[in-house]
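What follows is a set of notes on a single structure, which appears directly below.
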């Protein structure tokens, strides 16, 4: 069994990074591996925006990611500083349900408890 | 404690990748990981000295690379081919770095537990 950490840094709306990460995570769990955390940094923090409003024919990947993490009890963390810089969250604007604010220090500390980090 | 390499691959002022990678490097070093940094491709432009230009409206964050010493980040590398291709001399860079050829980069990558790309 391998303990994975997943790091998402690319914009979830501008690339295939979120579906690729979900596919990887589902496959890893199916093979008996462990996902310790998913951490969103750089432009990926846009996924944590609460007011995402998509047309009906566009898949809501950010919601899918949150649902997957809730189902499998995987901490879904985003860098609060990167999110605040982009106006994604603030004192009066909470993150999307399922996304937990964290600092880079928490990401750094979690690196000690995993075998492999995979970045998308 | 893990061996973690942060790959800087982007020019300094066209996106926020280099700046946010710096924050990440310092955060990793602050919790006592063995952090290395490799500048390759257009990221070497992050290492050129920044002048005081009041009309330049972006934060000159590369000056903060001087904090590497304070955080005990002393494994700072730059790709030799990158320097050659861009006609940049290692002594023109704003901080002291170790120049690595391909075989050195391969060894560096092989020593890591984690590699993070900016």
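Chains as they are written, first to last, in our numbering: chain A, 1 to 120; chain B, 1 to 118. Cβ coordinates follow ideal geometry from the N, Cα and C atoms, glycine included. As the structure is a prediction and not an experimental result, all values here were calculated from the model.
| Asked | Found |
| --- | --- |
| Residue 53/B burial status per 10 Å Cβ neighbour count (16 or more: buried) | exposed |
| Close-in-space but distant-in-sequence residues of the same chain around residue 8/A (CB under 8 Å, 5 per side omitted) | 17, 18, 21, 38, 39, 40, 41, 44, 47, 119, 120 |
| Pairwise C-alpha distance: residue 77/A and residue 99/A | 6 Å |
| Simplified DSSP assignment, three categories, for residue 64/B | helix |
| Beta-carbon gap between residue 39/B and residue 96/B smaller than 9 Å | no |
| Residue-chain proximity (residue 2/B, chain A), Cβ-Cβ < 9 Å | yes |
| Any 3 or more C-beta pairs closer than 8 Å across the region 91–107 of chain A and the region 54–69 of chain A | yes |
| Limits of the unbroken alpha helix (DSSP H) element including residue 107/B | 102–110 |
| Between the CA atoms of residue 55/A and residue 65/B - distance to the nearest angstrom | 44 Å |
| CA-to-CA distance, residue 103/A to residue 81/A, given in whole angstroms | 7 Å |
| Cβ-based contacts, 7 Å cut-off: residues of the region 1–18 of chain A near chain B | 7 |
| Residues that residue 24/B bridges to, as DSSP identifies them | For residue 24/B, which the question treats as bridged, DSSP gives no partner whatsoever. |
| Contact residues within the region 17–31 of chain B, judged by C-beta distance below 9 Å to chain A | 17, 20, 21, 23, 24, 26, 27, 28, 29, 30, 31 |
| Outcome for residue 16/B when other beta-carbon atoms lying within 10 angstroms are tallied against a minimum of 16 | buried |
| Same chain, Cβ closer than 7 Å to residue 108/B, neighbours up to 5 away in sequence not counted | 5, 36, 38, 77, 100 |
| Length of the line joining the Cα atoms of residue 74/B and residue 3/A | 29 Å |
| Closest by C-alpha distance to residue 2/B, when choosing among 104/B, 22/B, 72/B, 32/B | 32/B |
| C-alpha gap between residue 102/B and residue 71/A, whole angstroms | 44 Å |
| Residues bridged to residue 101/A (per DSSP) | 78/A |
| Terminal residues of the alpha helix (DSSP H) in which residue 69/A lies | 61–72 |
| is_contact[residue 75/B, chain A] using C-beta, thresh 9 Å | no |
| Nearest neighbour of residue 68/B, chosen from 47/B, 87/B, 57/B [CA to CA] | 47/B |
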